[in-house]
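Here the structure is laid out as structure tokens; the discussion comes afterwards.
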Amino acid sequence: MTTLISVEQLTKSYGEGDNRQTVLRGIDLEVKEGEFVAILGPSGSGKSTLMNILGCLDGYSSGRYRFGNKDVTGLSETELSLFRNERIGFIFQQFNLLPRLSARENVELPLIYQRSSKAERQERTRQMLARVGLSDKMDHFPNQLSGGQQQRVAIARALVTNPSLLLADEPTGALDQTNGRQIIALFHELHAEGKTIIMITHDIDIAKEATRIVHVRDGKIEKEERVR
Ligand SMILES: Nc1ncnc2c1ncn2[C@@H]1O[C@H](COP(=O)(O)OP(=O)(O)OP(=O)(O)O)[C@@H](O)[C@H]1O
Ligand SMILES: [Mg+2]
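Everything in the sequence shown is counted per full-length UniProt numbering, starting at 1 for the first residue and increasing by one.
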């Protein structure tokens, strides 16, 4: 399988002088195309910090990060945000939908940034909302949707640009078990279709749904384990 992501000796520190705190201390990680990887670790271990770096939302202090055949280190802010919009879909614990936009408008937004035609935007938005089982809720606003439905809108928004990588930070963290299961079932379908998924969690049962678990502790990879 082709390597999608390759991280070598990645470190991240915050602050200066006496306040300097090293949060990631030499992470080595490789993710192949089509893998479903869970990053598991206790609170404060550096999971979100790592996710923000992998998602090109944040820079790192030292080390190397390659995405596909691109060395991310050399990219300017503008190049980075273009790259991010094209290649990466994000899902967050708190859904992060825009409250004044309907489900349809939330999903359409990344396509507007990509300057797709209106007809294409509408068609892809409709398809994606159908894909997550929300054809009948397209004109609902986030506050008219349950948590599970909001997260499915967020997944549709993350996937509408057909990104190479889906990055999810505690995607089931704000959901009850039934809704959490639905989101995981959707991840399994996406994985079966060939999507590469990296999911952050502190829940071992959720992590076991992935094909590989990367255990993070104190900013380091403690061990990796194949699930199946
Ligand atoms: N912008 C920042 N400035 C300073 N320190 C930060 C910043 N962001 C994160 N940290 C610190 O980095 C460490 C790791 O935080 P991070 O959010 O990556 O943890 P996490 O594993 O995602 O935890 P949780 O499971 O609680 O979400 C914490 O000690 C946190 O205080
Ligand atoms: Mg976190």
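Cβ coordinates follow ideal geometry from the N, Cα and C atoms, glycine included.
Extent of the continuous beta strand (DSSP E) to which residue i belongs
| i | result |
| --- | --- |
| VAL216 | 212 to 217 |
| GLY26 | 21 to 32 |
| MET199 | 196 to 201 |
| ALA207 | From DSSP, ALA207 is part of no beta strand (DSSP E) but of the alpha helix (DSSP H) over 204 to 207. |
Given residue i as reference, the closest of the options once Cα atoms are compared
| i | options | result |
| --- | --- | --- |
| GLU224 | ARG217, ILE213 and ASP218 | ILE213 |
| MET128 | THR161, ARG115 and ASN143 | THR161 |
| ASP139 | ASN106, ARG66, VAL216 and GLN21 | ASN106 |
| residue 233 | LEU54, GLY15 and GLN21 | The requested residue 233 is not part of the displayed model; the chain covers only 1 to 228. |
| residue 229 | THR2, ASN19, GLY41 and SER13 | The question about residue 229 has no answer, for the chain in this structure spans 1 to 228. |
| LEU24 | CYS56, ARG64, GLY74 and LEU50 | LEU50 |
| ILE206 | ARG217, LEU190 and ALA185 | ALA185 |
| ARG181 | ALA158, LEU167 and GLN149 | GLN149 |
| GLU108 | ALA154, ASN143 and ASP203 | ALA154 |
| residue 246 | ASP136, LEU10, GLY17 and LEU101 | Shown here, the chain extends from 1 to 228; a query on residue 246 therefore has no answer. |
Buried versus exposed, by CB contacts within 10 Å (16 or more), residue i
| i | result |
| --- | --- |
| THR125 | buried |
| LEU98 | exposed |
| ARG228 | exposed |
| SER62 | exposed |
| LYS118 | exposed |
| SER76 | exposed |
| ALA158 | buried |
| SER135 | exposed |
| ARG20 | exposed |
Residue span of the alpha helix (DSSP H) that contains residue i, given as start and end
| i | result |
| --- | --- |
| THR11 | Element bounds for THR11: not the alpha helix (DSSP H) but the beta strand (DSSP E), 3 to 14. |
| PHE187 | 177 to 192 |
| TYR65 | Unbroken run through TYR65 is the beta strand (DSSP E), 62 to 67; no alpha helix (DSSP H). |
| PHE90 | PHE90 -> not in any alpha helix (DSSP H); beta strand (DSSP E) instead, spanning 88 to 91. |
| ALA119 | 118 to 131 |
| ARG157 | 147 to 159 |
| ARG104 | 103 to 113 |
Inter-residue spacing [alpha-carbon to alpha-carbon] between residue i and residue j
| i | j | result |
| --- | --- | --- |
| ILE221 | ILE27 | 6 Å |
| GLY173 | GLU35 | 22 Å |
| GLU123 | SER164 | 20 Å |
| GLY15 | PHE90 | 26 Å |
| ALA192 | THR211 | 11 Å |
| LEU190 | THR201 | 18 Å |
| ARG115 | LEU82 | 12 Å |
| LYS32 | LYS12 | 23 Å |
| ARG100 | GLN144 | 11 Å |
| LEU111 | ARG84 | 13 Å |
| SER48 | GLU170 | 9 Å |
| GLY44 | THR22 | 12 Å |
| LYS137 | THR178 | 19 Å |
| VAL37 | GLU79 | 26 Å |
9 Å Cβ cutoff met for residue i and residue j
| i | j | result |
| --- | --- | --- |
| GLY133 | ASP176 | no |
| PHE67 | ALA103 | no |
| ALA168 | PHE92 | yes |
| ASP203 | GLY46 | no |
| THR73 | ARG87 | no |
| ILE39 | VAL216 | yes |
| ARG152 | ILE183 | yes |
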